[in-house]
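A.B. asks: Have a look at the structure that comes next, please.
Protein chains: 2
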Amino acid sequence: MADQLSRVFQALADPTRRDLVARLAASGDATVGELAAPYAVSVQAVSKHLKVLEEAGLVSRSRDAQRRPVHLEAEVLDLMTAWIERYRRQAEERFSRLDAVLEEMAATESPARAEGEAS
Amino acid sequence: MADQLSRVFQALADPTRRDLVARLAASGDATVGELAAPYAVSVQAVSKHLKVLEEAGLVSRSRDAQRRPVHLEAEVLDLMTAWIERYRRQAEERFSRLDAVLEEMAATESPARAEGEAS
DNA sequence: CGAGTTGTCAACCATCAGGTTGTGAACGAT
DNA sequence: ATCGTTCACAACCTGATGGTTGACAACTCG
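Sequences listed follow chains Z and H, in order.
Using full-length UniProt numbering, the letters of the first sequence correspond one by one to residues 1 to 119.
Using full-length UniProt numbering, the letters of the second sequence correspond one by one to residues 1 to 119.
This is the structure in structure tokens:
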């Protein structure tokens, strides 16, 4: 799981981490303690989750005395959107090309056999 | 990892699986053997990957004699896009609200202390 | 029927992920 | 200087993941 894209997808595959992102998006920066409060797990577990998000580039942590305010880096989300949209669009295009082919086949009088089509 | 969204993110966290999706988007339906050919792993491993994609709803498999053609279900990608865009937008909005607050603060003559701001 | 093709299932192994507890570092407050 | 708070790191456990090999199911073709 070396590449950035894999890390981002992996990071968001966990409901707790998605919720962390959601709350940071809604309410802005927060400390680890604040973020951990609503969950039934230890602060350490949340700290681990934040580390995963940080390594994915989704979050950054600065230092303010003994606090470690967590900040959402929303731009990374664009990376995923770009990937997803690219292939969704490609699949769509291929689909409409297929439609065109089918129409063309229907329009042809003699039953033309398409490449690799079952008899 | 019960919910659909988690399964979809999880499924796409693997480069091989992303590549499978990419190839299905580009070239349309394919058999397991065709899909497995380019990779240095066994057919069984690819079959497992396809199962993960299938359980995430990203792919469906029908039956044609001993072939099991694999088909990309691109609509599920919208689920992710919706999630991502929602929070990206939320973060953006919060950011512009913050800008507004900062401007207002700058406009105020007496140095108003914002909630929780360092002295 | 018997042989070949395509793909899945099952068992196994190594590694990773998410959780715990314990310890201690960094810092503000007294 | 000491105490309390906030947090990260290390060690450990358990279950999931990604890979392997071996067997076999489903089907086609001779």
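All C-beta atoms, glycine included, are put in the ideal place defined by N, C-alpha and C.
For clarity, every value in this text was computed on a predicted model and none was experimentally measured.
1. Would H/L5 pass as a contact of H/L72 if the rule is Cβ separation under 9 Å?
2. For H/R89, is the classification buried or exposed, using 16 other Cβ atoms within 10 angstroms of its Cβ as the cut-off for buried?
3. Contact between the stretch 28 to 38 of chain H and the stretch 77 to 89 of chain H is defined here as three or more beta-carbon pairs at a separation below 8 Å; is this criterion met?
4. Nearest-angstrom Cα distance between H/E69 and H/L50?
5. Is there at least one Cβ from chain H nearer than 9 Å to Z/Q44's Cβ?
6. What span of residues does the beta strand (DSSP E) with Z/V41 cover, start to end?
7. How many whole angstroms separate the CB atoms of Z/L12 and H/F9, which I take to be in contact at a CB cut-off of 8 Å?
8. So what does DSSP say about Z/D64, is it helix, strand or coil?
9. Could you have a look at H/A26 and say whether DSSP puts it in helix, strand or coil?
10. Output the boundary residues of the beta strand (DSSP E) element that contains H/L72.
11. Please list, in chain order, all residues of the same chain as Z/A26 whose beta carbon is under 6 Å from its beta carbon, the five residues on each side excluded.
12. Compare the C-beta of H/Y87 against all C-beta atoms of chain Z and say whether one is closer than 9 Å.
13. What do you get for H/A36, buried or exposed, if any count of 16 or more other CB atoms within 10 angstroms of its CB means buried?
14. For chain H, find out if any of its Cβ atoms is closer than 9 Å to the Cβ of Z/P15; answer yes or no.
15. Cβ atoms of Z/E54 and Z/R61: under 9 Å apart, would you say?
16. Hey, could you find the ends of the alpha helix (DSSP H) H/G57 is sitting in?
17. Who are the neighbours of Z/D29 on chain H, taking C-beta pairs under 8 Å?
C.D. replies: Reading it off the structure:
1. Going by C-beta atoms, H/L5 is not nearer than 9 Å to H/L72.
2. Counting Cβ neighbours within 10 Å, H/R89 comes out exposed, since fewer than 16 surround it.
3. No, the stretch 28 to 38 of chain H does not touch the stretch 77 to 89 of chain H.
4. Sequence inspection shows Pro at residue 69 of chain H; the Glu mentioned does not correspond to that position. Put simply, the backbone Cα of H/P69 is about 11 Å away from that of H/L50.
5. Output row for Z/Q44: interface = no.
6. For Z/V41, there is no enclosing beta strand (DSSP E), as DSSP marks it with neither H nor E.
7. About 5 Å; that satisfies the 8 Å criterion.
8. Here Z/D64 carries a strand assignment [DSSP, helix/strand/coil].
9. In this structure, H/A26 counts as helix in the three-state DSSP scheme.
10. H/L72 -> beta strand (DSSP E) spans V70 to L72.
11. Same-chain partners within the cutoff: there are none.
12. Residue-level contact by beta carbon holds for H/Y87 and chain Z, with a gap shorter than 9 Å.
13. Its Cβ being crowded by 16 or more others within 10 Å, H/A36 is buried.
14. Contacts with chain H at 9 Å (Cβ-Cβ) include Z/P15.
15. Yes, the Cβ-Cβ distance between Z/R61 and Z/E54 is below 9 Å.
16. It is not in any alpha helix (DSSP H) - H/G57 carries neither H nor E in the DSSP assignment.
17. Simply none; closest approach about 10 Å.
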